[in-house]
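Residue numbers (the working numbering), protein chains in the order written: chain A, 1 to 379; chain B, 380 to 758.
Idealized CB from N, CA, C, for every residue including glycine.
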C-alpha cells in the first residue's frame with residue numbers, strides 16, 4: 001500500500017510524496033495519458049523520462065476491448081509490456097463505458113455495453129474492472145463507478161451515487177482478494193475511490209463521507225470537467241475537500257487547463273490527468289508561458305524561435321516554430337511528436353514549479369503571476 | 380569540393396571516405412530518406428544520430444512545391460531548418476517531376492508541370508533545379524535529368540539521354556555560378572552527375588564516358604529499380620562501372636533491398652538511398668538478420684523477443700514484438716516510429732558491416748553468409 005507524506009502545506013495547497021512499489025511520486029503531479037499503453041504522438045517511454053513524467057495513465061476500457069488484459073497479463077503486466085518502470089494508474093473503464101461504448105444497460109451487477117471497436121457485447125461490473133486492472137497490474141487501480149452527466153437531475157444522480165458506493169465496497173473487497181492470489185503480478189496494487197454527485201454539493205459531501213470511511217489508498221473527485229462551468233467545478237472541489245481524508249492523496253480526474261490545475265492545487269488537490277496537452281499538440285496548439293500558440297498562424301512561417309523561449313524541452317532545445325509549422329502543414333508525424341513532447345513537458349514542468357512554490361511558501365504569489373503571464377496571449 | 384579517398388578495395392568493392400564541409404562520410408553508405416526535411420515515422424534528427432545515420436536525403440521537388448526553398452533559404456538553409464549538421468544530399472526534382480507531377484511538357488529549356496499539391500503550373504530546368512538546391516544549401520546537389528522508364532524504346536531513350544547530358548553541362552555551369560555568389564549559404568555545394576540510358580548498355584556506356592569528362596564531385600547511376608529485373612540492374616551496373624571515374628564516389632539511386640545493396644557494393648557502388656526501410660516499417664514489415672518479418676502475423680502476439688535478437692537499435696533494446704504488434708493494430712503512431720527506427724538502423728548497420736568486411740578483405744564471404752541468413756526467413 002502507498003504511504004503518502006505531506007511535506008509542507010501552503011494554504012490548502014499540499015506538497016507531498018507518495019511511495020509506491022514503482023517508485024516515489026512527488027505531488028502535486030500531472031499524470032501523462034497513454035490510452036492503450038502508449039502516449040499519442042509517437043512519444044516513447046524513453047522520451048517520457050526525458051520530459052519528467054512521473055506517472056503514466058492507461059485506459060482499462062481500451063486495453064480490454066482491443067488487445068486484451070489477459071494477453072498483457074501473459075506478457076508480465078503493463079509495465080513490462082510498454083517498458084515503463086515508474087508508476088502507472090489505470091482508470092476503471094467506467095468513464096469510457098458511459099461515454100464511448102454503445103447500447104449500454106446499467107444494473108446493480110454492472111453494465112452491459114457494446115465495444116466501440118467491433119460491436120461485441122461486454123459485461124463490466126466492479127469485480128470485472130478490478131480483475132482487468134489486476135491483470136494489467138498497474139500501480140494504482142481506480143474504482144468502477146458511474147459518472148453521471150454534470151447537469152443531471154437529482155432524481156438520476158442520487159441513486160447513481162448510491163450504487164457507485166455499493167460498487168466501491170465490492171471493488172475494495174475484490175481488489176483485496178486479487179492482491180492475495182498467488183499468481184497476481186502486483187500484490188501491492190492500490191485502489192482509489194471516486195467521489196461522484198454531479199454538481200449537487202449535498203450529495204457530493206454525503207458520498208465523500210461514506211467513501212472516506214473505507215480507508216482506501218487515495219480519493220478521486222470524478223465527474224467534473226464534463227459540462228459544468230469552471231466556477232461550478234471549483235465550488236464542488238471546495239465543498240468536498242473538507243470531507244476527504246487529509247492524509248490521503250486527492251485526484252481530480254480529467255482536469256484540465258493550466259489555470260484549472262492551479263486553482264485545484266490551491267484547493268488541496270494532489271493528482272491530475274488530462275488529454276489536453278497531447279490532443280492540443282496534435283491540433284497544432286502549443287502551451288507556452290505566455291498562453292497558447294496556434295502554429296497554423298502564418299506569422300510563425302519564418303519564426304526561428306523555439307515554441308517557448310523559456311522552455312528546456314527536447315523540442316524547444318532543437319527545433320524552431322517555422323520548422324514545426326512546416327511539418328504540421330506537410331502532415332509529417334514528426335510535427336505531432338514535437339508538439340506533444342513540448343506540451344507534456346509544459347504540464348510536467350508546471351507541476352515542478354508548483355511544487356517548488358509550495359515548498360517555499362509562495363504558492364499564492366506564484367499562481368497569480370503564472371495566470372497573469374498566460375493571459376498575455378501568444379508569445 | 381569533396382575529397383574522396385579509397386582506403387581499401389576488395390574485388391570491385393571499395394571502402395572509402397568522402398570529406399565534406401558537413402563532415403566525413405564513410406562509404407559504402409546508405410542515405411536515410413527524409414522527403415520534406417523529416418524522416419517519415421516521427422523519427423527525429425537526434426534519433427538519426429543514435430542509429431548511425433551519416434547522410435540525410437531530402438527531395439527538391441517536395442520542398443519546392445510546398446514550403447518553398449526560398450523560405451528555407453531565409454531560415455538559413457535546410458541544415459539549420461531541420462536541425463541536422465551532418466551531410467545532406469538533395470535530389471534534383473527530376474524524378475518526381477516525371478513520376479508525381481501532372482501534365483508535364485518537356486522542352487530543351489526544361490519541364491513545365493503541375494504541382495501535385497495545388498495543381499499550379501511550375502517550370503523547372505537545370506538552372507531552376509540548381510537554384511532550388513542552392514537555396515536548400517545541401518552538401519551534395521544532384522544534376523537535373525530525365526529518368527526514362529526502364530523499358531523505354533531506344534528511339535525515346537537516346538534523345539532523352541542526349542538532352543540529359545546538355546542539361547548536366549548547364550547544371551555544372553549554374554552550380555559554379557551560384558557557389559560564387561556572395562549570399563550563397565554553402566559555397567562548397569557539390570554536384571553529382573547522373574548516368575541514364577534505361578537498360579541499353581551502349582547508350583549507358585557512351586553517356587558514362589561523356590559525363591565522366593566533366594570532372595564532377597561524384598557520379599550516380601539513375602533510372603534503375605524502376606521496372607527492370609534485378610539481373611538487368613546488375614548487368615547495367617557492371618557495364619557502366621568501368622567508365623565511371625575510379626577516384627569519384629558512385630551512387631546507385633533509389634536502390635534497394637539488402638540483397639541489391641550487397642550485389643551493388645560488390646560491383647563498385649559507394650552510395651545508396653531507398654524508401655524501403657521507412658515504407659516497409661510503416662506497413663509493419665521489419666528487416667531482420669533472418670529476413671523480413673510481418674508483424675501483423677498472429678504468431679507474434681505473445682512474442683516477448685525484440686524484432687531482431689541480434690539488433691542493438693533503440694527499438695530492439697526496449698520493446699517486444701508483441702508490444703509493437705499491439706501498437707500497429709491500435710494505429711498508435713509510436714508503432715510506426717519504432718518500426719522505422721529499427722529498419723533504418725538495420726540498413727545503417729548493414730553498411731557498417733559491409734565496411735568492416737571490405738576493410739578486412741572478406742567481403743565476398745560476408746556477402747554470401749548474409750544472403751544465406753536472410754533467405755532463412757522469419758526469425
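Under the Cβ criterion (8 Å, minimum of three pairs), the region 423–433 of chain B counts as touching the region 690–708 of chain B. Against chain B, the CB of residue 275/A has no partner CB under 9 Å away; the residue lies outside that interface. Closer than 8 Å at the C-beta level to chain B, one finds these residues of the region 299–330 of chain A: 301, 302, 304, 314, 318, 319, 320, 322, 323, 326, 327, 329, 330. Only residues of its own chain outside the window of five on either side were considered, and among them 7, 8, 355, 358, 359 have a CB closer than 6 Å to the CB of residue 15/A, listed in chain order. Under the three-state reduction of DSSP output, residue 321/A falls in the helix class. Residues of the region 78–91 of chain A that bring their beta carbon within less than 7 Å of a beta carbon in chain B comprise 81, 82, 83, in sequence order.
Here DSSP, grouped into helix, strand and coil, assigns residue 664/B to strand. Annotated as distal: residue 466/B and residue 543/B, with beta-carbon spacing of 9 Å or more. Not one beta carbon of chain A lies nearer than 9 Å to the beta carbon of residue 412/B. Taking residue 253/A as reference, the option from 261/A, 289/A, 362/A with the minimal CA-CA separation is 261/A.
When secondary structure is reduced to three states using DSSP, residue 104/A falls in the strand class. At a cut-off of 9 Å between beta-carbon atoms, residue 425/B makes contact with chain A.
Within chain A, the residues whose beta carbon sits less than 7 Å from that of residue 415/B are 330, 332, listed in sequence order.
The alpha-carbon of residue 650/B is positioned some 10 Å away from that of residue 434/B.
Under the DSSP definition of a beta bridge, residue 384/B partners with 396/B. Looking only at 620/B, 485/B, 578/B, the smallest Cα-Cα distance to residue 604/B is reached by 578/B.
Around the C-beta of residue 592/B, fewer than 16 other C-beta atoms lie within 10 Å, and the residue is accordingly described as exposed. Contact between the region 701–708 of chain B and the region 655–675 of chain B is established, with three or more Cβ pairs separated by less than 8 Å.
Counting only runs of at least 3 residues, the region 533–619 of chain B fully encloses the following beta strand (DSSP E) elements, listed from N- to C-terminal order: 569–574, 597–600. Here residue 147/A is near residue 99/A, since their CB atoms are less than 9 Å apart.
Annotated three-state conformation of residue 83/A is coil, per DSSP. Counting along the chain, residue 72/A sits inside the alpha helix (DSSP H) bounded by residues 69–74.
Taking a contact to require three or more Cβ pairs closer than 8 Å, the region 199–211 of chain A and the region 176–184 of chain A do not qualify as touching. When secondary structure is reduced to three states using DSSP, residue 114/A falls in the strand class.
A Cβ-Cβ distance of about 17 Å is found for the pair residue 97/A and residue 156/A, leaving them out of contact under the 8 Å criterion. Assignment of residue 308/A by DSSP, reduced to helix, strand and coil, places it in the coil class. Residue 273/A carries a strand assignment under DSSP once its states are collapsed to helix, strand and coil. Assignment of residue 26/A by DSSP, reduced to helix, strand and coil, places it in the strand class. One Cα belongs to residue 27/A, the other to residue 218/A, and the distance between them is close to 13 Å.
Secondary structure at residue 513/B: helix, using DSSP grouped into helix, strand and coil.
Taking all protein chains shown into account, residue 746/B has 16 or more neighbouring C-beta atoms within 10 Å of its C-beta and is therefore buried. Under a 10 Å Cβ-count criterion, residue 154/A is classified as exposed, with fewer than 16 other Cβ atoms of the shown protein chains found around its own Cβ. For the pair residue 186/A and residue 137/A, the CB atoms are nearer than the 9 Å cut-off.
Residues of chain A with a Cβ closer than 8 Å to the Cβ of residue 422/B are, in chain order, 334. Contact of residue 672/B with chain A is not assigned, every C-beta pair being separated by 9 Å or more. In the structure shown, the three-state DSSP call for residue 471/B is coil.
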